[in-house]
Amino acid sequence: MGRITLDQITKSFGEAQVIPPLDLTIEDGEFVVFVGPSGCGKSTLLRLIAGLEDVTSGEIRIDGKPATDLPPAKRGLAMVFQSYALYPHMSVRKNIAFPLKMAKLPQEEINRKVENAAQVLNLSPYIDKRPGQLSGGQRQRVAIGRAIVREPAAFLFDEPLSNLDAALRVNMRAEISELHQQLSTTMIYVTHDQVEAMTMADKIVVLQAGVIEQVGSPLDLYNHPRNLFVAGFIGSPKMNFITGPEAAKHGAHTIGIRPEHLRTSKESGEWTGRVGLGEHLGSDTFLRVETEFGEMTVRTIGDFDARHGDTVYLTPDPARIHRFDESGLSIR
Amino acid sequence: MARASSTSRKLTVTVFAWLVGLTLFFPVLWTVLTSFKTEAEAIADPPSLLFFNWTLENYVVVQERSNYFRYFWNSVLISVGSTVIGLIIAVPAAWAMAFVPSPRTRGILMWMLSTKMLPPVGVLIPIYLIFRDMNLLDTRTGLIIVMMLINLPIIVWMLYTYFKEIPGEILEAARMDGAQLRNEIIHVLTPMAIPGIASTMLLNVILAWNEAFWTLNLTAAKAAPLTAFIASYSSPEGLFYAKLSAASTMAIAPILILGWFSQKQLVRGLTFGAVK
């Protein structure tokens, strides 16, 4: 079981309040991703749940039981850190066994669980090596191994993939998702990478300046962003925003249209523009187009033959236009 | 051209380094050489560097006149004892300052260090009186306490700088893994800081071994360490350079040997954190 409830929690460092009163419920077995720009309070929030930081006020409950004043070890949570935080003086085996040793489990049971974890994570060949002799991906797996042997109520991941190279990151992303399928334990995952958020999460929590901007499934956030911030943060490349008379035509202060929802043509269309930069990836083409509303990004499937200075016509998909009022909230 | 100038530059630096090294080492060498001379040769003018009648007589006399091993044993007990007790106190203190710093931590560290800038003689009388009232004069316990207190700021500072180098996330990981503070310090922090702790220990043993002011003033006969042993040969009833040198050589030999074998650790310890 791993249902985590945050009830009106706040966190201040001295005078500065980094998290104003915040409510959030994480259901048992859910994969929740906290996403937001650097300094938005997502790591602080995770550390509050872990117990590595004390909340200033409010209550944390794990499976209905108050956990606000429990030390980290008593909360039954396991954490994987950005730097892996392995014990450099211990072998892989001892690293994974450490939490079990601290829990004073009998030695045979520790051995059995460590062997199991090593097998699941393909660590058996390295089990007697030190962390310093392992690659980044292997170290990350040891950190995960150390977390899973405890059979925690929930896993907390603090930007675990940001030290890995791009290819390995894609692999580890898949491995962590698969692990979640296997264990169906609650996972809370912090990242600033919205691709990680979109691909892994059951539920995304978008944070800005300690405030939850929106909570929802990845596609929910993509299709129905609640405000300008979420609209701009979720989706890659970023959504294009237009203000002024063109937005007023749609009865809004600002309208937003995603690059993939603009039809591009060389003959005719609603808006006219001049191609600035073109990125031809083969599978897709990204164009930066200078229009009367400012620069817009366009994505077309396959190769679209447009060079710098060419005139192109853009037509937005009317069903995909997002409308926002003056305060930046979405108009439904 | 560039190559030639860099070679001559290297040569200059090397010669200079040797000169500095020999200047520093010369008094020690001279003491050792003098200890093998007769008293007459020891004060001969001009002095002879190597060509004299080598003799072990001074060592025999020194050992006959005073029991070297009793002093030696006192030195060992005092330097090792004060270092071990100092470490037991300093590890938690340095842990607190490195990992849960408060706005006052910097100030406390500076204050601790400032006590080392105080001339010891300034507190000699109060400490002497306290020791007299507590019956600690001329006891090993008393000297262990005073040496420990005197070196504590250095131990705390050195450990603090080592602990600062250990990433806090590793200790947080230990906390998440269920380690209580005691286990966190014993199983995670201390093993990671072993090199630092070792060089702190070595440096402190050396400092305590060489300390003369307190050992001379607070001991008479029973607890006197090797510093007092040397001092006892610089007596007013006549100059015995050769015997004084023999006593000095016997006093510095153990620490010199210890220092020689652990110089790698020591250098690493003293420059740790300066370059990554």
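Protein chains in written order, with the working numbering: chain A, 1 to 332; chain B, 1 to 276.
For each residue, glycine too, the CB sits at the ideal point set by N, CA and C.
May I ask which residues mark the beginning and end of the beta strand (DSSP E) holding residue i?
i, result
"Arg104 of chain B", "Premise fails: Arg104 of chain B is in no beta strand (DSSP E) and is neither H nor E."
"Pro316 of chain A", "311 to 316"
"Phe240 of chain B", "Note, Phe240 of chain B: premise wrong, no beta strand (DSSP E); not H, not E."
"Leu143 of chain B", "Taken as a continuous stretch (DSSP letters only), Leu143 of chain B belongs to no beta strand (DSSP E), being part of the alpha helix (DSSP H) at 140 to 164."
"Phe284 of chain A", "Reading off the sequence shown, one finds Asp at residue 284 of chain A, where the question assumed Phe. Start and end: 284 to 291."
"Thr264 of chain A", "262 to 265"
"Arg323 of chain A", "322 to 324"
For residue i and chain A, any beta-carbon pair shorter than 9 Å?
i, result
"Asn183 of chain B", "yes"
"Gln63 of chain B", "no"
"Val100 of chain B", "no"
"Met201 of chain B", "no"
"Ile279 of chain B", "Because chain B spans 1 through 276 in this model, residue 279 of chain B falls outside it and cannot be assessed."
"Ile170 of chain B", "yes"
"Pro167 of chain B", "yes"
"Arg175 of chain B", "yes"
"Gly178 of chain B", "yes"
"Pro191 of chain B", "yes"
"Val188 of chain B", "yes"
Express the C-alpha separation of residue j and residue i in angstroms, rounding to a whole number.
i, j, result
"Ile301 of chain A", "Arg47 of chain A", "41 Å"
"Val275 of chain B", "Gly196 of chain B", "Confidence in Val275 of chain B is poor, its pLDDT being 39 and thus under 50, which makes the residue's placement too unreliable to answer from."
"Glu326 of chain A", "Ile242 of chain A", "12 Å"
"Glu270 of chain A", "Gly256 of chain A", "15 Å"
"His322 of chain A", "Val298 of chain A", "16 Å"
"Asp310 of chain A", "Ile62 of chain A", "59 Å"
"Ser217 of chain A", "Phe31 of chain A", "10 Å"
"Asp54 of chain A", "Ile127 of chain A", "35 Å"
"Lys11 of chain A", "Gln17 of chain A", "6 Å"
"Ala118 of chain A", "Glu169 of chain B", "23 Å"
"Phe7 of chain B", "Lys264 of chain B", "Note that residue 7 of chain B is Thr in the sequence shown, not Phe. So the two alpha carbons sit approximately 28 Å from each other."
"Phe52 of chain B", "Phe26 of chain B", "18 Å"
"Gly273 of chain B", "Val28 of chain B", "Summary for Gly273 of chain B: the model assigns pLDDT 45, below 50, so the residue's position carries little reliability; its value from the coordinates is reported in the next sentence. About 31 Å."
"Arg70 of chain B", "Pro225 of chain B", "8 Å"
"Arg175 of chain B", "Gly282 of chain A", "49 Å"
"Met102 of chain A", "Gly145 of chain A", "16 Å"
"Ala193 of chain B", "Arg320 of chain A", "59 Å"
"Pro125 of chain A", "Val92 of chain A", "10 Å"
"Tyr189 of chain A", "Asp158 of chain A", "6 Å"
"Tyr313 of chain A", "Ser38 of chain A", "36 Å"
Would you mind working out which of the options sits nearest residue i, comparing C-alpha positions?
i, options, result
"Asp138 of chain B", "B:Lys222, B:Ile230, B:Ala251, B:Leu22", "B:Lys222"
"Thr215 of chain B", "B:Ile166, B:Ile145, B:Gln263", "B:Ile145"
"Gly273 of chain A", "A:Glu260, A:Glu295, A:Ala201", "A:Glu295"
"Thr200 of chain B", "B:Asn217, B:Trp157, B:Asn67, B:Lys10", "B:Trp157"
"Ile234 of chain A", "A:Val215, A:Arg146, A:Thr186", "A:Val215"
"Ile89 of chain B", "B:Leu152, B:Tyr68, B:Trp209", "B:Leu152"
"Phe36 of chain B", "B:Gln263, B:Phe261, B:Leu256, B:Ala246", "B:Ala246"
"Val60 of chain B", "B:Gln263, B:Pro254, B:Leu256, B:Met250", "B:Met250"
"Asn135 of chain B", "B:Val15, B:Gly259, B:Thr219, B:Thr31", "B:Thr219"
"Ser43 of chain A", "A:Gln82, A:Glu108, A:Ala154, A:Gly276", "A:Gln82"
"Lys243 of chain B", "B:Asn204, B:Phe261, B:Thr190, B:Glu64", "B:Glu64"
"Val205 of chain B", "B:Arg9, B:Met148, B:Ile130", "B:Met148"
"Ser248 of chain B", "B:Ala228, B:Thr83, B:Ser262", "B:Ala228"
"Pro160 of chain A", "A:Ala153, A:Val275, A:Glu175", "A:Glu175"
"Ile85 of chain B", "B:Lys116, B:Gly142, B:Leu19, B:Asn67", "B:Gly142"
"Leu123 of chain A", "A:Lys104, A:Leu105, A:Lys94", "A:Lys94"
"His261 of chain A", "A:Arg307, A:Arg169, A:Pro237", "A:Pro237"
Taking residue i as part of the alpha helix (DSSP H), name the residues at either end of that continuous run.
i, result
"Glu108 of chain A", "107 to 120"
"Trp271 of chain A", "Not the alpha helix (DSSP H): Trp271 of chain A falls in the beta strand (DSSP E), residues 271 to 280."
"Tyr233 of chain B", "First-last for Tyr233 of chain B: undefined, no H or E at that position."
"Met296 of chain A", "That residue, Met296 of chain A, is in no alpha helix (DSSP H); its beta strand (DSSP E) goes 294 to 301."
"Val205 of chain B", "190 to 210"
"Arg175 of chain B", "168 to 176"
"Phe99 of chain B", "68 to 99"
Using a Cβ cut-off of 9 Å (strictly closer), state whether residue i contacts chain B.
i, result
"Leu52 of chain A", "yes"
"Pro160 of chain A", "no"
"Tyr189 of chain A", "no"
"Ser83 of chain A", "yes"
"Met239 of chain A", "no"
"Arg146 of chain A", "yes"
"Met200 of chain A", "no"
"Val78 of chain A", "At residue 78 of chain A the sequence reads Ala, which differs from the Val that was named. With 9 Å as the cut-off, Ala78 of chain A counts as an interface residue toward chain B."
"His89 of chain A", "yes"
"Met102 of chain A", "yes"
Runs of 3 residues minimum, wholly inside the region 153 to 202 of chain A: which ones carry the beta strand (DSSP E) assignment? Segments of the beta strand (DSSP E) lying fully in the region 153 to 202 of chain A: 154 to 158, 186 to 191.
Start-end ranges of the alpha helix (DSSP H) lying completely within the region 14 to 99 of chain A, minimum 4 residues: Listed in chain order, the complete alpha helix (DSSP H) runs (minimum 4 residues) inside the region 14 to 99 of chain A are 42 to 50.
Within the region 212 to 258 of chain A, note down every full alpha helix (DSSP H) run reaching 4 residues or more, in order along the chain. Counting only runs of at least 4 residues, the region 212 to 258 of chain A fully encloses the following alpha helix (DSSP H) elements, listed from N- to C-terminal order: 218 to 223, 228 to 233, 245 to 249.
At which residue ranges does the region 25 to 51 of chain B contain complete alpha helix (DSSP H) runs of 4 or more residues, listed in the order of the chain? Secondary structure in the region 25 to 51 of chain B: the alpha helix (DSSP H) runs of 4 residues or longer, each lying completely within the stretch, are 39 to 42 in chain order.
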